[in-house]
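Counted the way my numbering counts, the sequence shown spans residues 3 to 159.
Each residue gets a CB set at the ideal place from its N, CA and C atoms; glycine is no exception.
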Amino acid sequence: MNDPVREQVVALLNSGNAHVAFDNVFKDFPAKLRGVKPKGAPHTAWQLLEHMRIAQWDILEFSRSAKHVSPEWPGGYWPKTVKPPNDDAWKKSLASFKRDLKAMEKLVSDPNTDLYTKIPHGTGQNIFREALLVADHNAYHLGQLVLLRRLLGAWKE
C-alpha cells in the first residue's frame with residue numbers, strides 16, 4: 003500500500019493499537035448470555051452487536067453510494083429484540099459486520115479512493131472522516147462489550 007495514512011487508518015479499523023479486537027470480544031461469547039442485560043447495563047450483547055453492524059453498514063453505504071438511504075434515527079439503528087432470535091441470526095450478524103469492515107478497509111486502501119474530497123451527496127464529510135467514524139464507533143461499543151462480558155462473568159483476561 004505504501005501510504006502511511008491509509009495504512010494507519012486500516013490498522014485502526016482492525017482494532018489496532020490500543021483497541022481490543024472485534025474477534026477477541028466475540029470469541030466464545032456464551033449463547034445463553036447474548037440477550038442478558040445485567041443490572042445497570044443499558045444494552046445486551048445482541049443489541050450492541052446489531053447496533054454496531056447497522057451503523058457500520060450505514061456509514062459504508064453512505065460512503066459508497068448517493069442512492070443509499072440511512073435508517074430512521076435512532077430506532078432504525080437498534081434491533082427490535084434484546085436477544086438474537088436464534089444462533090443463525092447471531093452468526094449472520096457477526097459475518098455481516100466483518101464483511102462490511104473489510105469493505106471499508108478496501109475502500110480506504112484503494113489508491114483510487116480520494117480520502118479527503120467531500121462526498122458529493124454529503125454535508126461536508128469525506129472518506130477519511132467516515133473511516134475514522136467507523137473505527138471510533140466500533141471502539142466505543144467494543145469497550146462496552148468488554149465491560150458487559152465482565153459483568154456477566156464471561157471475560158477471560
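Own chain partners of residue i with C-beta closer than 7 Å, once the 5 adjacent residues on each side are dropped
i, result
"His-21", "Ala-141 and Leu-144"
"Thr-125", "none"
"Ala-43", "Leu-150 and Leu-153"
"Leu-62", "Asp-102, Ala-105 and Met-106"
"Val-84", "Gly-37, Lys-39, Thr-46, Trp-48 and Gln-49"
"Phe-28", "Leu-96"
Rounded straight-line distance, which links the Cα of residue j to that of residue i
i, j, result
"Glu-52", "Asn-128", "25 Å"
"Ala-133", "Phe-24", "16 Å"
"Ser-111", "Lys-94", "25 Å"
"Leu-117", "Lys-41", "43 Å"
"Leu-109", "Thr-115", "7 Å"
"Asn-19", "Ile-121", "28 Å"
"Ala-13", "Gly-77", "31 Å"
"Ser-17", "Thr-119", "25 Å"
"Phe-99", "Met-54", "8 Å"
"Ser-223", "Lys-158", "As displayed, the chain neither begins before 3 nor continues past 159, which places residue 223 out of reach and without an answer."
Per-residue DSSP class, three states only, for residue i
i, result
"Asn-128", "strand"
"Lys-104", "helix"
"Lys-120", "strand"
"Val-27", "helix"
"Leu-154", "coil"
"Ser-98", "helix"
"Asn-140", "helix"
Buried or exposed by the 16-neighbour rule on C-beta atoms within 10 Å, applied to residue i
i, result
"Gln-10", "exposed"
"Ser-67", "exposed"
"Val-136", "buried"
"Val-71", "exposed"
"Ala-57", "buried"
"Asp-90", "exposed"
Own chain, CB closer than 6 Å to residue i, minus 5 neighbours either side, in chain order
i, result
"Ala-156", "Pro-32 and Leu-35"
"Pro-113", "none"
Near the ligand FAD: residue i beta-carbon under 7 Å from a heavy atom
i, result
"Phe-130", "As presented, the structure is devoid of all ligands, the ligand FAD included, so that no description of it is given."
Cβ-based neighbour list, residue i, same chain, cut-off 8 Å, excluding 5 preceding and 5 following
i, result
"Pro-73", "Ile-56, Asp-60 and Tyr-79"
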